[in-house]
Amino acid sequence: MRATASDCAVLRKDDGINAVMLPYFGETAEDNWLLTYPTCQVAVNKSVEQDEKKLAAVMKILEAIFSEEGQRHTATDNAVLSYNKNVNIEINDVFSQVKDCIDRNHLYMRLASTEMFAVSKNVVQKMIGGEYGAKEAYSDFNAQLTTARNTEASEIITTQNTAYDYAFGEHGSPAASAVVNTIRRQWGSDIAIGYSSVVTAPVFEGEYTRQQLNWLMANRLIFRSGELTGAELTKLMEWLVNVKDDGSDPIRHENLIPVASGMEYDLTDNGDGTYTLGKITINGIPLDENKVYSVISVGDDDYIAAAIYCNCPMPSELNDKMTVMEDNIYSVFNSALEGGKQLELPTEYVTVLR
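Residue numbering for the sequence shown follows the working numbering, starting at -17 and increasing by one per position.
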């Protein structure tokens, strides 16, 4: 296959499919190349060179990332290659058919950025239109990518006065809680639930542009809104937490523990990588099963519904009530902070019982 090696490994491990990675074929085996996806893409502002303390801090981080120990931690049990020939990481079986490419360092690196995609689109369109051959396209691609552009300073949306940690603790992630609480404040709902890896980074103290606020949240988030009874809200949380009869596990790592705003809930750690939903309360008072609550949810359906992950779509009776909104969740979040407004304070939305 020619997807990611990690996907290939999942097919082998979970689905029993004897999949292997294949190269992009050249005219001979010597010309084959393997497409790779960098796990760590690092950009450092050149101005760092003028500050010895900042430069030392950056170098310390880079040395940790690119050391053998750092790369082993990054690799875990995934199908990962190291571009550093001084780092010895045993390659996964999925690479059995491309080992010659790896040995010859025929690794084509895919770099992802808005600029890269825009230049690629521009050049490829000219190739399709017959304006360019391969050599002309390569030259133009290189020229566009390396030509410096004058960019105006981005507008500052807010200056955040307090930093919040991303790490998950006994009562959840402070950064995730602050973001979801802020979204609920802006929308005005009773309850907000983040049902996948909604927040991807810690909240730092300082200035935020619109783009930096968007970077706080994951890509492709779906935004739903609806009216649910307390009983239906409990069913929604059970869908997001409890292991299903067929073994489907919605919480495969801590980032998939739901982030709640406007309510709290207990979670029992079963000790085997699974969790069980406990009581749900609002300000310490048990959830009223008959009361109707306005609820919004934010997340990426693939992590739960897609067959390769959990194969557990939202129950139809809940899906009918939770309407996908046309409003862009990133715009809602930006609007909540425009004019220098602060993120809402984090709350202890979950208690994990060991």
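Heads up, the beta-carbon is just placed ideally off N, CA and C, and yes, glycines get one too.
Quantities reported herein were computed from a predicted structural model and do not represent experimental measurements.
- Counting along the chain, the unbroken alpha helix (DSSP H) around Ala(-13) starts and ends at Ala(-13) to Asp(-3).
- For Leu325, there is no enclosing beta strand (DSSP E), as DSSP marks it with neither H nor E.
- Of the candidates Val40, Tyr177 and Ala1, Ala1 places its Cα closest to the Cα of Ser78.
- If the five residues before and after Val101 are omitted, its C-beta is found closer than 8 angstroms to the C-beta atoms of Phe123, Gln126 and Leu127, all from its own chain and listed in chain order.
- In summary, Ser121 is exposed, with fewer than 16 beta-carbon neighbours lying within 10 Å of its beta-carbon over all protein chains present.
- Counting along the chain, the unbroken beta strand (DSSP E) around Thr258 starts and ends at Tyr257 to Ile264.
- Distances from the alpha-carbon of Ile278 to those of Ala318, Ala130, Glu12 and Ile173 put Ile173 closest.
- If you compare the alpha carbons of Asp251, Val225, Ser298 and Ala213 with that of Ile262, the shortest gap goes to Ala213.
- Scanning the region 112 to 166 from its first residue to its last, the whole alpha helix (DSSP H) runs of 4-plus residues come out as 116 to 128.
- Nearest to Ala94 by C-alpha distance, out of Thr18, Thr191 and Ala149, is Thr18.
- Contact between the region 173 to 185 and the region 248 to 257 is absent: fewer than 3 CB-CB pairs across the two stretches fall below 8 angstroms.
- Gln193 is the residue among Val62, Ala149, Ile(-1) and Gln193 whose C-alpha sits nearest the C-alpha of Glu320.
- For Ile311, the number of other beta carbons within 10 angstroms of its own is at least 16, and it is reported as buried.
- Straight-line measurement puts the Cα of Tyr177 at about 14 angstroms from the Cα of Pro297.
- Short of 8 angstroms from the beta carbon of Gln53, and not among the five residues preceding or following it, lie these beta carbons of its own chain, in chain order: Ile47, Val62, Ser64, Asn66, Val69 and Ile71.
- Our two residues, Val161 and Ser230, have alpha carbons roughly 28 angstroms apart in a direct line.
- Straight across, the Cα-Cα distance linking Phe205 with Gly115 is about 44 angstroms.
- Membership of Ser298 in the alpha helix (DSSP H) is indicated by the continuous run Ser298 to Asn301.
- Bridge partners of Glu209 according to DSSP: Ser276.
- Rounded to whole angstroms, the Cβ separation of Ile165 and Val332 is 17 angstroms, and the two are not in contact under 8 angstroms.
- For the alpha helix (DSSP H) assignment, the uninterrupted runs of no fewer than 4 residues enclosed by the region 39 to 120 are, from N- to C-terminal side, 50 to 57, 81 to 85 and 96 to 110.
- Close CB contacts of Ile84 within its chain, under the 8 angstroms cut and outside five residues either way in sequence, are with Leu16, Leu63, Ile73 and Phe77 (chain order).
- Secondary-structure assignment with DSSP links Ser243 through a beta bridge to Ala174.
- Closest in C-alpha terms to Ile175, from the list Trp197, Asn201, Ile239 and Thr129, comes Ile239.
- Per the coordinates, the alpha-carbon of Tyr146 lies some 6 angstroms from the alpha-carbon of Pro156.
- Looking at the DSSP output, Glu189 shares a beta bridge with Thr141.
- By the beta-carbon neighbour count (other beta carbons within 10 angstroms, threshold 16), Pro232 is buried.
- Looking at Lys323, Arg336, Leu335 and Thr329, the one whose alpha-carbon comes closest to that of Ile138 is Lys323.
- For Ile286, the uninterrupted alpha helix (DSSP H) run begins and ends at Asp284 to Ala287, by DSSP.
- Partner residues in the beta bridge of Ile267, as assigned by DSSP, are Ile264.
- In this structure, DSSP gives Ile311 a helical state, which the three-state scheme calls helix.
- Judged by DSSP in its simplified three-state form, Met199 adopts strand.
- Here Gln32 is exposed: its Cβ has fewer than 16 other Cβ atoms, across all protein chains shown, within 10 Å.
- Beta-bridge partners of Val334 (DSSP): Leu249.
- In the displayed model, Leu4 falls within coil according to three-state DSSP, outside both helix and strand.
- Rounded to the nearest angstrom, the gap between the Cα atoms of Glu34 and Val24 is 19 angstroms.
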